[in-house]
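What follows is a set of notes on a single structure, which appears directly below.
Chains as they are written, first to last, in the working numbering: chain A, 1 to 284; chain B, 285 to 613.
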């Protein structure tokens, strides 16, 4: 038996090889189906499944833009997810800074309340929220229901609890001496936050931003109830490729790929930060 | 997720000297007001989007809220606990369907969380030390998590198609396991389909969290164990898994709550009406509210669901925390 942790035993190596191979297959097959089907002619995806296309075509990638107004959905999703991310991160930074650096009455109530919203079933506040937005619209003329603004507001709140929680842990790991020093140098508390704490916590902030963007980009329930034709996001819009008679699977796969690439690429580029952020904040 | 913060808050409050922050600033009122000012945006949004709707939802559950009153819900007549009575009357169709949906959801959640945790933990431990292609594999494993839910689920819908799907092609045409092509998105098979998609999509989160948790285990522990003659498997059993238990406590709870409340996966997989065998509770309530336009009963069901989750979370936290405390003592 090997005693050093550097030399794992054969049983470990073999089981690892088998496990990781099977797992890779499981993960990869749907990805392969998505990519290969998006390059197939319609006949290939309508008849019996084929592993290899009879011919490669980029036609689906051209057709997706005209079958449904994909570009508009894309812009809507980009605006909604982008705005929700920016707002969510800024608000979470302020809140986490307050909790991390100050003692105040109600601190514990605040953190517990915010976090417990994570367990609310979305379905419980879907209808009340819908009614609130309609009523605010009737009372003030600010259209929240059916508008991007309403969706932005909703989504940014979805990612807020996790973001605050993760940033609290991250800010706690930034030494207090640093902002004490900044305060001595004449920065205000906000100066200390933005000049010292935020720069030191960039990985955590990036991680939180990635999370917020993904949350907003992928949400289906509220998007399906709270949008109309002009504000529809990708989550709902993608369902437009199945008409009653034909389901354009090649186009659906092409559109899915186009929609996924920005988030997946962004996520994989920034995953290092996410792991680092989780290590420092969430799982400590 | 709810778990660590109370603990952290306690720690912080027990040592007030370190957390006082900038005490050199002049102006006592400004100093006291500042934290509240910083919290205000988050607080207002939480109130608007989470807390006030929740209170309204609870109020609605005591009303006879059908489509006639939807324009102004406040005018709907109160009907006491009728909605609740109807939801839990397991001999009548509505209650019976809710109970069935609840049991399906419970079974689905336990299986999904168990599998996600198992696969995620195994993968993280196997990939702890460096080997060729590790970075690439790690990126690949995170793809299902990074994909937007609906694109991932739509791809699975395609794979589960009866005539032109990959699953039937492999099981029936290529391997000959089934006599004839099966239906995956209707009937009893739909439970397996739902579970497969949920695990495919969910395990990388467990992987991610456990991976982060592993980095916080001090190397000295392993070195000491190796000096004592513990092999790789023993090190995993004696050091790695016990050290992960605080991480697991939160991870399992979060996975449980997310999976139990999951709406997106079943909704995209099956559409507005889920098959009996995969009738998850959130879609069930959605249907009870929006298809039958009976929002009062739908709200009552949501409140019952929330109460159940509160109780489970509470019991879980008490049990797991006590388990850990006695182990340390």
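Beta carbons: idealized from backbone N, C-alpha and C, even for Gly.
As the structure is a computational prediction, the values presented were derived from the model and not from experiment.
What does residue i touch in chain B if you count any residue whose Cβ is under 9 Å from its own?
i, result
"residue 21 of chain A", "Neighbours of residue 21 of chain A on chain B: none; closest Cβ ~10 Å, over 9 Å."
Alpha carbon to alpha carbon, how far is residue i from residue j?
i, j, result
"residue 276 of chain A", "residue 323 of chain B", "26 Å"
"residue 527 of chain B", "residue 501 of chain B", "7 Å"
"residue 250 of chain A", "residue 465 of chain B", "22 Å"
"residue 396 of chain B", "residue 387 of chain B", "14 Å"
"residue 523 of chain B", "residue 510 of chain B", "11 Å"
"residue 494 of chain B", "residue 203 of chain A", "18 Å"
"residue 262 of chain A", "residue 122 of chain A", "26 Å"
"residue 145 of chain A", "residue 367 of chain B", "27 Å"
"residue 186 of chain A", "residue 334 of chain B", "39 Å"
"residue 593 of chain B", "residue 599 of chain B", "10 Å"
"residue 553 of chain B", "residue 385 of chain B", "17 Å"
"residue 605 of chain B", "residue 534 of chain B", "11 Å"
"residue 350 of chain B", "residue 91 of chain A", "38 Å"
"residue 306 of chain B", "residue 200 of chain A", "In this predicted model, residue 306 of chain B has a pLDDT of only 47, less than 50, meaning its place in the structure is not dependable; the value taken from the coordinates is given anyway. If I take the Cα positions, the gap works out to 18 Å."
"residue 478 of chain B", "residue 369 of chain B", "31 Å"
"residue 125 of chain A", "residue 585 of chain B", "12 Å"
"residue 379 of chain B", "residue 589 of chain B", "13 Å"
"residue 12 of chain A", "residue 519 of chain B", "12 Å"
"residue 320 of chain B", "residue 171 of chain A", "18 Å"
"residue 308 of chain B", "residue 267 of chain A", "Model confidence at residue 308 of chain B stands at a pLDDT of 48, short of 50, so the residue's coordinates are unreliable and nothing is read from them."
"residue 539 of chain B", "residue 79 of chain A", "29 Å"
"residue 371 of chain B", "residue 143 of chain A", "35 Å"
"residue 399 of chain B", "residue 483 of chain B", "7 Å"
"residue 58 of chain A", "residue 86 of chain A", "35 Å"
"residue 338 of chain B", "residue 128 of chain A", "7 Å"
"residue 382 of chain B", "residue 222 of chain A", "23 Å"
"residue 427 of chain B", "residue 269 of chain A", "12 Å"
"residue 453 of chain B", "residue 410 of chain B", "32 Å"
"residue 132 of chain A", "residue 418 of chain B", "49 Å"
Check the C-beta distance from residue i over to residue j and give it rounded, since I have them as a contact under 8 Å.
i, j, result
"residue 587 of chain B", "residue 345 of chain B", "5 Å"
"residue 227 of chain A", "residue 236 of chain A", "6 Å"
"residue 109 of chain A", "residue 164 of chain A", "In fact, because the Cβ distance is near 14 Å, the residues do not count as touching under 8 Å."
"residue 581 of chain B", "residue 537 of chain B", "Residue 581 of chain B to residue 537 of chain B, Cβ: 29 Å. No contact."
"residue 431 of chain B", "residue 260 of chain A", "5 Å"
"residue 157 of chain A", "residue 329 of chain B", "5 Å"
"residue 516 of chain B", "residue 161 of chain A", "Contact doesn't hold; Cβ gap of about 39 Å is too wide."
"residue 254 of chain A", "residue 66 of chain A", "The pair is not a contact, with the Cβ atoms about 12 Å apart (cut-off 8 Å)."
"residue 82 of chain A", "residue 434 of chain B", "Incorrect: roughly 19 Å between the Cβ atoms, too far for contact."
"residue 234 of chain A", "residue 74 of chain A", "6 Å"
Would you kindly report the start and end of the unbroken alpha helix (DSSP H) that includes residue i?
i, result
"residue 535 of chain B", "529-545"
"residue 396 of chain B", "377-410"
"residue 366 of chain B", "366-372"
"residue 470 of chain B", "Residue 470 of chain B -> no alpha helix (DSSP H), and no H or E assigned at all."
"residue 568 of chain B", "565-570"
"residue 447 of chain B", "Looking at the DSSP string, residue 447 of chain B is not in any alpha helix (DSSP H), and its letter there is neither H nor E."
"residue 123 of chain A", "122-140"
"residue 359 of chain A", "The requested residue 359 of chain A does not occur in the structure, where chain A is confined to residues 1 to 284."
"residue 87 of chain A", "70-101"
"residue 18 of chain A", "10-37"
"residue 503 of chain B", "503-511"
"residue 216 of chain A", "202-218"
"residue 295 of chain A", "Because chain A in this structure spans residues 1 to 284, residue 295 of chain A falls outside the shown range and cannot be described."
"residue 63 of chain A", "59-67"
"residue 514 of chain B", "That residue, residue 514 of chain B, is in no alpha helix (DSSP H); it is neither H nor E in DSSP."
At 8 Å on the CB atoms, spell out the chain A contacts of residue i, in chain order.
i, result
"residue 423 of chain B", "268 and 271"
"residue 353 of chain B", "What residue 353 of chain B touches in chain A: nothing, since even the nearest Cβ is about 11 Å away."
"residue 579 of chain B", "127"
"residue 403 of chain B", "23"
Under 7 Å between beta-carbons, which chain A residues line up against residue i? List them in chain order, please.
i, result
"residue 250 of chain B", "For chain B, the structure presents residues 285 to 613; residue 250 of chain B sits outside this window and is missing."
"residue 466 of chain B", "Ordered by position in chain A, no residue passes the 7 Å Cβ test against residue 466 of chain B, which lies about 14 Å from the chain."
"residue 362 of chain B", "Those within 7 Å of residue 362 of chain B in chain A number zero; the least Cβ separation is about 17 Å."
"residue 541 of chain B", "118 and 119"
"residue 573 of chain B", "127"
"residue 570 of chain B", "123"
"residue 499 of chain B", "279"
For residue i, return the contacting residues in chain B, with the cut-off set at a CB-CB distance below 7 Å.
i, result
"residue 95 of chain A", "322, 323 and 326"
"residue 98 of chain A", "319, 322 and 323"
Any heavy atom of the ligand ATP within a distance shorter than 8 Å of the CB on residue i?
i, result
"residue 424 of chain B", "What this structure holds is no ligand at all, so the ligand ATP is not there to describe."
Along chain B, which residues have their Cβ under 8 Å away from the Cβ of residue i?
i, result
"residue 154 of chain A", "333"
Name, please, each residue of chain A whose Cβ falls closer than 9 Å to the Cβ of residue i.
i, result
"residue 566 of chain B", "121, 122, 123 and 221"
### Query
Hey, is the stretch 460-474 of chain B in contact with the stretch 538-546 of chain B, meaning 3+ C-beta pairs nearer than 8 Å?
no
### Task
Determine, using beta-carbon pairs with one atom in the stretch 247-263 of chain A and one in the stretch 442-459 of chain B, whether at least three such pairs fall under 8 Å.
The answer is yes - the stretch 442-459 of chain B touches the stretch 247-263 of chain A, with three or more Cβ pairs under 8 Å.
### Task
Would you check if the stretch 174-184 of chain A and the stretch 135-153 of chain A touch, i.e. whether three or more CB-CB distances between them fall below 8 Å?
no
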